[in-house]
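Per our numbering, the sequence shown starts with residue 10, numbered consecutively.
Even glycine gets a Cβ: it sits at the ideal position worked out from N, Cα and C.
First up is the structure itself, then whatever we jot down about it.
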Amino acid sequence: MRCRGHKGMIQMINVAVMGYGTVGSGVVELLHVNHDRIARSAGDSVRVKYILDVRDFEDSPYAGLFVKDFAVIENDPEVSVVVETIGGVGVAQEFTRRALAAGKSVVTSNKELVSEHGCELLKIAGEHNVCYLFEASVGGGVPILHPISACLAADDIDEIYGILNGTTNYILTNMFKNGATFDKALGEAQEKGYAERDPSADINGVDTCRKTCILADIAFGRNIAPKYVRTEGIANVSAIDVEHVSTAGASIKLIGRTVRMPDGTIASYTAPHVLTSENLLVNVEGVFNGIVVRGDATGETMFYGKGAGKLPTATAVIADIIETGKTIGTGAFLGWSEAGEEVIGDPDLLESRWYIRANMDFDEAAVRFGQITMLGCDENGAAFITGSMTGIRCAELLEDIEAITVYRVLE
Ligand code: HSE
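What follows is the structure, encoded as structure tokens:
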């Protein structure tokens, strides 16, 4: 509920922030620092009434706002928007359900919860005429979900692909540009607050997979569950591959991709790719994310900006707080329908060139693959780039070979 003054003027949007970690504390800070600008855009003053956290923050300037019992928020009719920055499923899911059922909009950066249970939570939100919004769950501070669902609403989207994880892009950039070791680059990303609490979700591609699913859900209107999405991370990207790929003037990026196939199924996957100098995303470096949306009307549209970090992500959360006030009661529908394995397409049917490092010499590579671009040799074999073919064909040609690295090339 919004508080109304004696002349019926709306005066205040009361917000509760659940989870005072990197993003939650960023939301509280930014609502304070940029209060007037946010109020102008929202049409109301936005005030943090409660902060929920199990920990004590006695020295915080906001110490008086902390509560430990979710029921305080749930039962306060003045709270109209709840920010969920707890993360994970468990408690975050339970509190989100209860907040929505209590008639409060919920905004979140929680990609795990949205990708796993977004369909159900959006349904609850619809039943109670409130919003469940999650712009911050993909791309950090990069506006992407709202542009897809609103600005590109007239575009029939065929494909979205992008660098969706700041931590891994920071690591890969440092390996390519500075010759940094994997561990050193990861340590720096953790220090800067980019990495997940458990950085394995970044490194093994799970974070990118979740974001890819959310993009697919929004773009194609069907629920693409993370369990159906093939996912490979960057743990095996080696200094030798970095060297070979660099000689081609190319780079290695962790890409999440979702494509509508000719039969209407949706092929989604996460994997390291070799990006040539022609690709729009090749210069997206460090913590930055880049996302390319391809549609029938607009062609290619690229989104670029800081994909992780306290204040960039908080910006997206606050945009959603403002959005709740503009959406409720309009009938605008954000969501997607339940779907199972029947909508899942096979990424191996997609054609591309391939970067291969395998236990063979260039002559044998040329016999098997036809025309190849040779990149270099080492004691384990040769590195080269093939012509265009499906993943199925590439796997057939490598069937009896020990292939050390196989990455799709994006031009
Ligand atoms: N760990 C995530 C990343 C945070 O590095 O991109 C933002 O979702």
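Taking a contact to mean a Cβ-Cβ separation below 8 Å, would you say residue i touches residue j in this structure?
i	j	result
Glu-144	His-155	yes
Leu-39	Leu-320	yes
Thr-267	Thr-240	no
Ile-261	Leu-181	yes
Leu-384	His-253	yes
Gly-400	Arg-362	no
Asn-174	Leu-263	yes
Asp-211	Thr-176	yes
Lys-120	Ile-223	yes
Thr-322	Val-88	no
Glu-232	Cys-128	Note on identity: in this sequence residue 232 is Asn, with Glu being the wrong assignment. Yes, the Cβ-Cβ distance between Asn-232 and Cys-128 is below 8 Å.
Thr-307	Asp-164	yes
Val-296	Ala-317	yes
Ile-330	Val-115	no
Leu-130	Arg-107	no
Gly-390	Ala-367	yes
Pro-208	Glu-125	no
Leu-109	Ile-82	no
Ala-51	Gly-265	no
Phe-185	Val-251	yes
Using the beta-carbon count (16 or more within 10 Å), is residue i buried or exposed?
i	result
Pro-271	exposed
Asp-370	exposed
Cys-160	exposed
Val-293	buried
Gly-276	The question names Gly, but residue 276 is Ala in the sequence shown. Buried is the call here.
Asp-118	For the sequence presented, residue 118 should be read as Ser rather than Asp. Ser-118 should be labelled buried.
Asp-53	buried
Ala-244	exposed
Asp-305	exposed
Val-92	buried
Met-27	buried
Asp-409	exposed
Arg-64	exposed
Asn-190	A small fix is needed here, since residue 190 is Thr in this sequence, not Asn. The residue in question, Thr-190, is exposed, as its Cβ has fewer than 16 Cβ neighbours within 10 Å.
Asn-178	buried
Pro-70	exposed
Gly-340	exposed
Ala-25	buried
Gly-17	Model confidence at Gly-17 stands at a pLDDT of 44, short of 50, so the residue's coordinates are unreliable and nothing is read from them.
Val-42	exposed
Gly-258	exposed
Glu-309	exposed
Glu-205	buried
Using the C-alpha atoms, what's the distance from residue j back to residue i?
i	j	result
Asp-372	Tyr-416	20 Å
Asn-213	Thr-94	22 Å
Leu-290	Ala-228	20 Å
Ala-48	Asn-23	12 Å
Phe-393	Thr-382	5 Å
Glu-425	Gly-338	The first residue shown for the chain is 10 and the last is 420, placing residue 425 beyond what the model contains.
Ala-375	Leu-419	21 Å
His-15	Gly-35	Low per-residue confidence applies at His-15: pLDDT is 40, beneath 50, and the placement is therefore not dependable, though the value from the model is reported in the following sentence. For His-15 and Gly-35, the distance between alpha carbons rounds to 33 Å.
Leu-195	Asn-138	42 Å
Ile-413	Arg-377	16 Å
Asp-78	His-282	46 Å
Val-123	Asn-187	36 Å
Lys-193	Glu-388	26 Å
Ala-452	Leu-142	Outside the displayed span of the chain (10 to 420) sits residue 452, for which this structure offers no information.
Tyr-29	Val-37	9 Å
Glu-411	Asn-288	29 Å
Arg-11	Asp-216	Confidence at Arg-11 is low in this model, with a pLDDT of 43, below 50, so its placement is unreliable and no value can be given for it.
Gln-102	Gly-171	27 Å
Leu-343	Gly-379	48 Å
Thr-336	Asp-85	22 Å
Ser-421	Gly-230	Since the displayed the chain opens at 10 and closes at 420, residue 421 lies outside it and no answer follows.
Cys-218	Val-238	7 Å
Ala-225	Gln-199	28 Å
Arg-13	Ala-111	Unreliable positioning characterises Arg-13 in this predicted model, as indicated by a pLDDT of 39, which lies under 50. The coordinate reading is nonetheless provided below. So the two alpha carbons sit approximately 20 Å from each other.
Ser-158	Val-246	35 Å
Arg-402	Gly-354	17 Å
Asp-68	Lys-201	22 Å
Met-21	Gly-314	31 Å
Ile-365	Cys-386	11 Å
Lys-220	Val-98	15 Å
contact_flag[the stretch 134–152, the stretch 293–303] where n(CB pairs < 8 Å) is 3 or more: With a cut-off of 8 Å, the stretch 293–303 and the stretch 134–152 count as touching, because enough Cβ pairs lie within range.
Cβ pair count under 8 Å reaching 3, the stretch 344–364 against the stretch 47–61: The answer is no - the stretch 47–61 does not touch the stretch 344–364, with fewer than three Cβ pairs under 8 Å.
Residues passing the C-beta test against ligand 1 heavy atoms, cut-off 6 Å: Those satisfying the condition are, in chain order, Gly-149, Asn-174, Gly-175, Thr-176, Tyr-203, Ala-204, Glu-205, Asp-211, Asp-216, Gly-316, Ala-317.
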